[in-house]
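What follows is a short report on a single structure.
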Amino acid sequence: MVEPLQTLDTMHTDMVHDAQLDFYGDRLATCSTDKTIKIFRVKEGRHELEQTVQGHSGPVWQVAWANPKHGNYLASCSADKTVIIWEEVESGWIAAHRHTDPKAGSMNTIAWSPHEDALQLAIGTSEGQISLLTLTDGQWHFSEVAHHDDPAFLNGVLGISWAPPSVAFTHADVHGEYRLVACGCDTEVKIYKGTREQGHETVWDEEERLPVVHQSWVRDVSWAPQIGLAAATIASCGQDNAVFVYSKDHASGEWHAQQLGDTADLPVWRVSWSLAGNVLAVACGDSTGVTKLYKQNLNGRWNCIKTIKDPSPPPNSTTHTTDQPNTMPV
Numbered sequence: 001m002v003e004p005l006q007t008l009d010t011m012h013t014d015m016v017h018d019a020q021l022d023f024y025g026d027r028l029a030t031c032s033t034d035k036t037i038k039i040f041r042v043k044e045g046r047h048e049l050e051q052t053v054q055g056h057s058g059p060v061w062q063v064a065w066a067n068p069k070h071g072n073y074l075a076s077c078s079a080d081k082t083v084i085i086w087e088e089v090e091s092g093w094i095a096a097h098r099h100t101d102p103k104a105g106s107m108n109t110i111a112w113s114p115h116e117d118a119l120q121l122a123i124g125t126s127e128g129q130i131s132l133l134t135l136t137d138g139q140w141h142f143s144e145v146a147h148h149d150d151p152a153f154l155n156g157v158l159g160i161s162w163a164p165p166s167v168a169f170t171h172a173d174v175h176g177e178y179r180l181v182a183c184g185c186d187t188e189v190k191i192y193k194g195t196r197e198q199g200h201e202t203v204w205d206e207e208e209r210l211p212v213v214h215q216s217w218v219r220d221v222s223w224a225p226q227i228g229l230a231a232a233t234i235a236s237c238g239q240d241n242a243v244f245v246y247s248k249d250h251a252s253g254e255w256h257a258q259q260l261g262d263t264a265d266l267p268v269w270r271v272s273w274s275l276a277g278n279v280l281a282v283a284c285g286d287s288t289g290v291t292k293l294y295k296q297n298l299n300g301r302w303n304c305i306k307t308i309k310d311p312s313p314p315p316n317s318t319t320h321t322t323d324q325p326n327t328m329p330v
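At position 49 of the sequence shown (counting the first as 1) the number is 49 in the UniProt record's numbering, and the numbers step up by one without a gap.
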């Protein structure tokens, strides 16, 4: 077992729900039940608070950095039924766009699309809706993937992730197609496909459902980058303390699920892939927090290669090597 690289006192006054480094790894954004977002500068082992960003009226569940190719944007989602897209200007971070949907309930989860295409933010809500905010000609446009009348998950969406642009499901795939994988307050993981024809809006449909292997809510889902893996690969974790890795057989078109075997005694909160897609980080544990790193061996099995534990975190702290438990009510 190894110790975390660094521990940071976030100075939040309540529970920390998310912590995300930017593309370059020199800025850290955290969010909390205290309704604030804090931006830290990370430099030579030090963390300096740059700004406390305020704008939400409820707990802030997640933050997400956009790829700098599209500009300096940070998104946040909250229990106040609002998603805010923040933009950095000379004076600091300002709210560039505020999206509120009274019918959507809590905005539970957000994810930016791959940087190779237009800037799009996917949103999952407690009412089961999946929607998009797309930046076009300097304006943010709203569209729906799964709407109120036909929700993706009846009791709410908890996790969402974009497919990498290199995913090739069939030889018919062409530019203008998108895929999202989502999970929520049941036992299922679903893939949605969006098709865009020239001059028309993208049309989204549920494409397929992964094998039902969880026994309770699925808390998080993550689609692996295609660089280090031979097949399309997705990871999920659930309230049943189980973690699964799904791989698609391109010959048969079927998904196969493999359970990671040593998380049964720990609550599991988040899953996240390395940039190369060959290492999976699993955030689990109770108040102390544990991160387990998994890698696939030559026999195709996913084995734990490292466990990172913080034995005594300071109050309202977070680390570079683990996510805080997401306790969002749905």
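C-beta: ideal position from N, C-alpha, C; glycine also.
Hey, quick one: how far does the beta strand (DSSP E) through Trp204 stretch, first residue to last? Here the question's residue 204 lines up with position 204 in the sequence shown. That run of the beta strand (DSSP E) goes 203-209.
Can you tell me whether His12 is helix, strand or coil according to DSSP? Stepping through the sequence shown from its first residue, residue 12 is reached at position 12. Residue state, collapsed to three classes: coil.
If we ignore side chains and look at the alpha-carbon of each, how far apart do Glu197 and Ala64 end up? Walking along the sequence shown from the start, residue 197 turns up at place 197. Walking along the sequence shown from the start, residue 64 turns up at place 64. Approximately 29 Å, taken between the alpha carbons.
If you draw a straight line from the C-alpha of Ser91 to the C-alpha of Ile39, how long is it? Residue mapping note: residue 91 aligns to position 91 of the sequence shown, counting from 1. Residue mapping note: residue 39 aligns to position 39 of the sequence shown, counting from 1. If I take the Cα positions, the gap works out to 14 Å.
On the three-pair Cβ rule with 8 Å, is the stretch 42-49 touching the stretch 93-101? no
Just the C-alpha distance for Thr187 and Val89, rounded to the nearest angstrom, thanks. Taking the first residue of the sequence shown as 1, we reach residue 187 at position 187. Taking the first residue of the sequence shown as 1, we reach residue 89 at position 89. Thr187 and Val89: Cα-Cα distance of roughly 42 Å.
Once the 5 residues before and after Glu144 are set aside, which same chain residues still bring their CB inside 8 Å of it? Start at 1 with the first residue of the sequence shown, and residue 144 comes out as number 144. Here the set comprises Gln129, Ile130, Ser131, Leu132, Trp204.
Taking only three categories from DSSP, how would you classify His70? Numbered from its first residue, the sequence shown carries residue 70 at position 70. It is helical.
Run of the beta strand (DSSP E) containing Val245, from where it starts to where it stops: By one-based count along the sequence shown, residue 245 stands at place 245. Val245 -> beta strand (DSSP E) spans 243-248.
Report yes if the C-beta distance between Lys292 and Cys284 is below 8 Å; otherwise report no. Taking the sequence shown and counting its residues from 1, the one referred to as residue 292 is at position 292. Taking the sequence shown and counting its residues from 1, the one referred to as residue 284 is at position 284. Yes; because the gap between Cβ atoms is below 8 Å, this pair is in contact.
Restricting to Cα atoms, I'd like to know which of Trp269, Ser272, Gly300 is closest to Lys248. For the purposes of this step, residue 248 is identified with residue 248 of the sequence shown, where counting begins at 1. Answer by Cα proximity: Gly300.
Should Met328 go down as buried or exposed, given a rule of 16 or more other Cβ atoms within 10 Å for buried? To locate residue 328, count along the sequence shown from 1; it is residue 328. Reliability fails at Met328, whose pLDDT of 38 lies under 50, so the model's placement of it is uncertain and no value is given.
Could you check how far apart the C-beta atoms of Pro114 and Pro165 are, in whole angstroms? I think they sit under 8 Å. Counted from its first residue, the sequence shown places residue 114 at position 114. Counted from its first residue, the sequence shown places residue 165 at position 165. That belief holds up - the Cβ atoms of Pro114 and Pro165 are roughly 5 Å apart, short of 8 Å.
Checking the sheet assignment: what are the DSSP bridge partners for residue 343? Absent from the model: residue 343. The displayed extent of the chain is 1 to 330, so no value can be given.
Cross-strand partners of Ile305 (DSSP beta bridge): Within the sequence shown, numbered from 1, the residue matching residue 305 stands at position 305. Its beta-bridge partners do not exist; DSSP assigns none.
Residues that DSSP places opposite Ser272 in a beta bridge: Position 272 of the sequence shown holds residue 272. Note: Ser272 sits in a beta bridge opposite Ala281.
Please list, in chain order, all residues of the same chain as Val42 whose beta carbon is under 6 Å from its beta carbon, the five residues on each side excluded. In the sequence shown, the residue the question calls residue 42 occupies position 42. Correct list, in chain order: Asp26, Leu28.
Which residues mark the beginning and the end of the beta strand (DSSP E) in which Glu177 is found? Here residue 177 is taken as the residue at index 177 of the sequence shown, counted from 1. 177-184 is the extent of the beta strand (DSSP E) around Glu177.
Could you tell me whether the Cβ atoms of His70 and Val83 are closer together than 8 Å? Residue 70 sits at position 70 when you count from the first residue of the sequence shown. Residue 83 sits at position 83 when you count from the first residue of the sequence shown. Their beta carbons are not under 8 Å apart, which means His70 does not touch Val83 by this criterion.
Does DSSP put Gly92 in a helix, a strand or coil? Stepping through the sequence shown from its first residue, residue 92 is reached at position 92. Strand.
Would Pro225 pass as a contact of Leu275 if the rule is Cβ separation under 8 Å? Indexing the sequence shown from 1 puts residue 225 at position 225. Indexing the sequence shown from 1 puts residue 275 at position 275. Yes, Cβ-Cβ distance for Pro225 and Leu275 is below 8 Å.
From Asp149, Lys193, Glu206, Trp162, residue whose alpha carbon lies closest to that of Ser272: As a working mapping, residue 272 is identified with position 272 in the sequence shown. Selected option, being the one with the closest Cα: Trp162.
Spatial distance of Leu154 from Glu127 (CA atoms): What you label residue 154 is simply residue 154 of the sequence shown in a count that begins at 1. What you label residue 127 is simply residue 127 of the sequence shown in a count that begins at 1. About 7 Å.
Residues near Glu116 in its chain [Cβ-Cβ closer than 8 Å; skip 5 each side]: Taking the first residue of the sequence shown as position 1, residue 116 is located at position 116. The residues are Pro165.
Residue of Ser222, Leu298, Lys35 minimising C-alpha distance to Gly277: One-based indexing of the sequence shown puts residue 277 at position 277. Checking every option, the nearest Cα to that of Gly277 belongs to Ser222.
Terminal residues of the continuous beta strand (DSSP E) containing Ser236? Taking the first residue of the sequence shown as position 1, residue 236 is located at position 236. Its beta strand (DSSP E) spans residues 233-238.
Determine the contact status of Arg270 and Cys237, defining contact as a CB-CB distance below 8 Å. In the sequence shown, counting from the first residue as 1, residue 270 sits at position 270. In the sequence shown, counting from the first residue as 1, residue 237 sits at position 237. Yes, they are a contact pair.
Neighbourhood of Tyr246 by C-beta, 6 Å cutoff - its chain only, sequence neighbours within 5 removed: The residue labelled residue 246 in the question sits at position 246 within the sequence shown. These residues qualify, in order along the chain: Leu210, Ile234, Trp255, Ala257.
What does the alpha-carbon distance come out to for the pair Met11 and Thr30? As a position in the sequence shown, residue 11 is number 11, starting the count at 1. As a position in the sequence shown, residue 30 is number 30, starting the count at 1. Spanning the two alpha carbons is a distance of roughly 10 Å.
Compute the Euclidean distance between the alpha carbons of Val53 and Leu8, then round it to the nearest angstrom. For the purposes of this step, residue 53 is taken as residue 53 along the sequence shown, with counting starting at 1. For the purposes of this step, residue 8 is taken as residue 8 along the sequence shown, with counting starting at 1. The alpha-carbon atoms of Val53 and Leu8 are separated by roughly 18 Å.
Proximity to Asp101 [Cα-Cα], best of Ala111, Ile123, Glu87, Ala118: Reading the sequence shown from its first residue, position 101 is the one you call residue 101. Comparing Cα-Cα distances from Asp101 to each of Ala111, Ile123, Glu87, Ala118, the minimum goes to Ile123.
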